[in-house]
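Visitor:
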Amino acid sequence: MSGLALITGATSGIGEALARLLASKGFSLILTGRNQEKLEKLAKELTVQKIIVADLSKREGQERVLEEIRRSCPDLLINNAGFGLYGTAHTLPIEKQRDMVEVNSLFPLQSTLVCAQTLIEAKKKGTILNVSSVGGEYPTPGMSVYGATKAFLTSLSQGLYTELASKGVSVLASCPGMVSTDFATRAAGSPVEKVDGPVMSEEYAARQIWRQIEKKKEKKIFSSYYQIGSFLATHFLPVSFVKNLIWKKVKDRL
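Offset between the sequence shown (1-based) and the working numbering: plus 23.
#1: So the alpha helix (DSSP H) residue 138 belongs to, where does it begin and stop?
#2: Would you mind stating whether residue 176 and residue 153 have Cβ atoms separated by less than 7 Å?
#3: According to DSSP, what are the bridge partners of residue 196?
#4: For residue 97 versus residue 27, is the C-beta spacing smaller than 7 Å?
#5: Starting from residue 28, trace the beta strand (DSSP E) both ways and give me its first and last residue.
#6: Buried or exposed: where does residue 173 fall if 16 or more other Cβ atoms within 10 Å of its Cβ makes it buried?
#7: Excluding the 5 residues preceding and the 5 following residue 222 in the sequence, name in chain order all residues of the same chain whose CB lies nearer than 6 Å to its CB.
#8: Using the Cα positions of residue 66 and residue 239, report the straight-line distance between them to the nearest angstrom.
#9: Could you have a look at residue 102 and say whether DSSP puts it in helix, strand or coil?
#10: Using only CA atoms, which one of 44, 70, 265 and 30 lies nearest to residue 158?
#11: When you compare each of 199, 276 and 249 to residue 230 by their alpha carbons, which one comes out closest?
#12: For residue 257, does the three-state DSSP call read helix, strand or coil?
#13: Please state whether the Cβ-Cβ distance between residue 103 and residue 30 is less than 7 Å.
#14: Going by the CB atoms, is the gap between residue 47 and residue 72 shorter than 7 Å?
#15: Output yes or no for whether 7 Å exceeds the beta carbon distance between residue 192 and residue 142.
#16: Tell me, which residues are paired with residue 56 by DSSP?
#17: Grab me the residues of residue 256's own chain with a C-beta within less than 8 Å of its C-beta, minus the 5 sequence neighbours each way, in chain order.
#18: In the structure shown, what three-state DSSP assignment does residue 202 receive?
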């Protein structure tokens, strides 16, 4: 599989790792992010067709990327951009939480639908992968809004997977656990020295996502630690127990 891939949030973490991996697979790339300098550096290193500097919490940035999707009709769209916030929702700035909903949920909703419409009109098959999170599998006190955005994204992707299957468009939800990026530090607003549970590298996460794309697997939770934990949390353990456990862990990072 190769072709044209558009990746949001491509300047660091999983997004950058995916850009490097897809370039090695022969994909031409359209990369988006907020950091122009990092995008330009990647463009020099990889087979980048175009870079788009865009803040996906703002309407102007969203429209810039949506217009590119309509114009280029990518074979593969990866909605990777996203961020979280640690803290109790009532004490966090509402504007920042609204931005999180825009980036994590509302923009992926728009880009997924626009890409699907564009592919169908062009009579092309394609894949849309939304990078969600294992944190969307159950309530996440201390990150309540973040968890809700990811629950939305996973549910949306799974519904569209069925709706669009006959059209040749695969919509996939990828649900990684904790990744060794600056996510925790950004979410806490200060350095986080230790997190509970195994932490995977962004390269490992990118490889898992690529395998999911190859197999067109509807939903994938990784790694095995998070697969087992999610299964227990959603099938056997009381919701109150899961919530209290998560709350205890998150409070240590506040």
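Just so you know, even glycine gets a beta-carbon here, dropped at the ideal spot from N, CA and C. Owing to the predicted nature of the structure, the values given are computational and were not obtained by experimental measurement.
Guide: Considering the structure as presented:
#1: 130-144
#2: yes
#3: 153 and 242
#4: yes
#5: 27-30
#6: buried
#7: 201 and 203
#8: 28 Å
#9: strand
#10: 265
#11: 199
#12: helix
#13: yes
#14: no
#15: yes
#16: 76
#17: 160, 161 and 265
#18: strand
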